[in-house]
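S.K.:
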Amino acid sequence: MLELGQKGPEFSLPGVDGQTYSLSGLLAENKAVAVIFSCNHCPYVRAWEGRMMDIQREYQDKGVVLAAINSNDAQKYPDDAFPKMQNHAQSEGFNFLYLYDESQEIARAYGGTHTPHVFLLDGNGVLRYRGAIDDNYDDPDAVTQTYLRDALDAVLAGNAPATTDTRAVGCTIKWK
Amino acid sequence: MKIQFLWWDGCPSHPEAWQRLQGVLAELGVETEIERIKIQTDEQAEQWHFPGSPTIRVDGQDIDPNAPIDAFRLTCRLYFKEDGRPSPLPSAAMIKRAILKVT
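Chains as they are written, first to last, in this note's numbering: chain A, 1 to 176; chain B, 1001 to 1103.
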């Protein structure tokens, strides 16, 4: 798994909007990039998607982009196929990037294990936080630890996050 | 009343679902045996018509009237709360409705 302080591996992946996105391109335009391994079918992802959109909305003017990456095997989980990703992003009104890692190389390079699984990179592409979005998948109103938001605030202020590593909670990535 | 609780270890929500089920039974004052069925393979998922973890059945009926009926496999199950929000857990209200239906 990518270790804290290491640089996030480069990627170049198709997005549901028809464009291709690279990590280097995103870093050139942003102060932080939150790579989040994700998918369509996982109920944990579905439960957190609204909060992901909230974070993207609130932090986009601060130079933050969320890049959700689906690496699941679409043969075994057809709901995670690229056309279904496009449909889902459109129906939910995603305001964050939703990219397809068909070969699963990027998930392996980062060491993603679950969906969702966050890897927060600072403006230099260095990993500053990895783990969960917050501490309550089921109830946004019961969240007590806003891990990703806190890490973003720290990174944007040029500080080290107080919490850098939490357990990713969710579905396992579906390997081929 | 016969209750079945089916789960797969690959989804972390089953302990909370189990607690939620126990809480509803206690609240309703229902004492009944619960059959716990651990699903470990896709073959078992097919055999038990397991649409995902966790799954709760009361007298053979899924507690969710909209339970998936066409795909049985090792996966985490999507539920919807009363307000429409998605969740990996059945709500206490959903469990309660299913139990009250047969009592």
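Don't be surprised by glycine CBs; every beta carbon is placed ideally from N, CA and C.
1) Chain A partners of B:P1105, CB-CB under 7 Å?
2) With A:H88 as the anchor, note down where its beta strand (DSSP E) starts and where it stops.
3) Does the separation of the CB atoms of A:K84 and A:N30 fall below 8 Å?
4) State the Cα-Cα distance for the pair A:Y98 and A:S38, rounded to the nearest angstrom.
5) At 8 Å on the CB atoms, spell out the chain A contacts of B:R1077, in chain order.
6) For B:D1105, count neighbouring Cβ atoms within 10 angstroms of its own Cβ and tell me buried if that reaches 16, exposed if not.
7) With a cut-off of 8 Å, does the C-beta of A:R130 fall near any C-beta of chain B?
8) Can you pull the chain B residues whose beta carbon is under 9 Å from the beta carbon of A:R57, in chain order?
9) Quick check: the segment 1019-1035 of chain B against the segment 148-161 of chain A, are there 3 or more CB pairs under 8 Å?
10) Give the C-beta separation of A:L4 and A:R149 to the nearest angstrom, bearing in mind that I take them to be a contact with Cβ-Cβ under 8 Å.
11) Taking DSSP as the reference, what is the three-state secondary structure of A:A32?
12) Would you say B:L1089 reaches chain A, if we count a Cβ-Cβ gap shorter than 8 Å as a contact?
13) Could you give the C-beta distance for A:F96 and A:L66, rounded to a whole number, given that I count them as a contact under 8 Å?
14) Could you name the residues of the same chain whose beta carbon sits closer than 7 Å to that of A:D79, not counting the 5 residues immediately before and after it, in chain order?
15) Could you name the residues of the same chain whose beta carbon sits closer than 8 Å to that of A:L27, not counting the 5 residues immediately before and after it, in chain order?
16) Assuming A:I133 and A:S71 make a contact with CB atoms under 8 Å, what is their CB distance in whole Å?
17) Buried or exposed: B:M1094, going by 16 or more other Cβ atoms within 10 Å of its Cβ?
18) Counting only runs of 3+ residues fully inside the segment 94-154 of chain A, write out the beta strand (DSSP E) ranges in chain order.
19) How is A:W48 classed by DSSP in three states: helix, strand or coil?
20) Counting beta carbon pairs with one atom in the segment 1006-1013 of chain B and one in the segment 1033-1045 of chain B, are three or more of them shorter than 8 Å?
21) Would you mind sorting B:P1065 into buried or exposed? The rule is 16 or more other CB atoms within 10 Å of its CB.
22) Listed in chain order, which residues of the segment 52-80 of chain A have Cβ atoms closer than 7 Å to some Cβ of chain B?
23) Write down the C-beta distance between A:G170 and A:T115 rounded to the nearest angstrom, noting that I regard them as a contact closer than 8 Å.
24) Taking any Cβ of chain B, which residues in the segment 134-147 of chain A have a Cβ under 7 Å from it, in chain order?
25) Suppose only complete runs of 3+ residues qualify. What are the beta strand (DSSP E) ranges in the segment 1045-1086 of chain B, listed by chain order?
26) When you compare each of A:E58, A:Y44 and A:Q6 to B:F1080 by their alpha carbons, which one comes out closest?
M.R.: Let's see:
1) Lying before the first or after the last residue shown, residue 1105 of chain B is absent from chain B, which here runs from 1001 to 1103.
2) Taken as a continuous stretch (DSSP letters only), A:H88 belongs to no beta strand (DSSP E), being part of the alpha helix (DSSP H) at F82 to E92.
3) Contact flag unset, no.
4) A:Y98 and A:S38 have their C-alpha atoms some 8 Å from each other.
5) Chain-order list of chain A residues neighbouring B:R1077: P43, by C-beta distance under 8 Å.
6) A question about residue 1105 of chain B goes unanswered here, because the residues of chain B that appear run from 1001 up to 1103.
7) Closer than 8 Å: no.
8) Under the 9 Å cutoff, chain B gives no residues; its nearest Cβ is about 18 Å from A:R57.
9) The segment 148-161 of chain A and the segment 1019-1035 of chain B do not touch, with fewer than three beta-carbon pairs separated by less than 8 Å.
10) Contact doesn't hold; Cβ gap of about 18 Å is too wide.
11) Three-state result, A:A32: strand.
12) Answer yes: the Cβ-Cβ gap between B:L1089 and chain A drops below 8 Å somewhere.
13) Correct: roughly 4 Å between the Cβ atoms.
14) Cβ within range, chain order: N40 and H41.
15) Taken in chain order, the residues that qualify are V33, L121, G123, N124 and G125.
16) Under the criterion of beta carbons closer than 8 Å, A:I133 and A:S71 do not qualify as touching, at roughly 18 Å.
17) Buried, because 16 or more other Cβ atoms sit within 10 Å of the Cβ of B:M1094.
18) For the segment 94-154 of chain A, whole beta strand (DSSP E) runs of length 3 or above, ordered along the chain, are 97-100, 117-122 and 127-131.
19) When DSSP states are grouped into helix, strand and coil, A:W48 belongs to the helix group.
20) Short answer: they touch.
21) With fewer than 16 other Cβ atoms within 10 Å, it is exposed.
22) For the segment 52-80 of chain A, no residue has a beta-carbon sitting nearer than 7 Å to a beta-carbon of chain B.
23) The distance from the Cβ of A:G170 to that of A:T115 is about 5 Å, consistent with a contact at the 8 Å cut-off.
24) Correct list: Y137 and D138.
25) Counting only runs of 3 or more, we get 1055-1058.
26) If we check each option's Cα against that of B:F1080, A:Y44 comes out closest.
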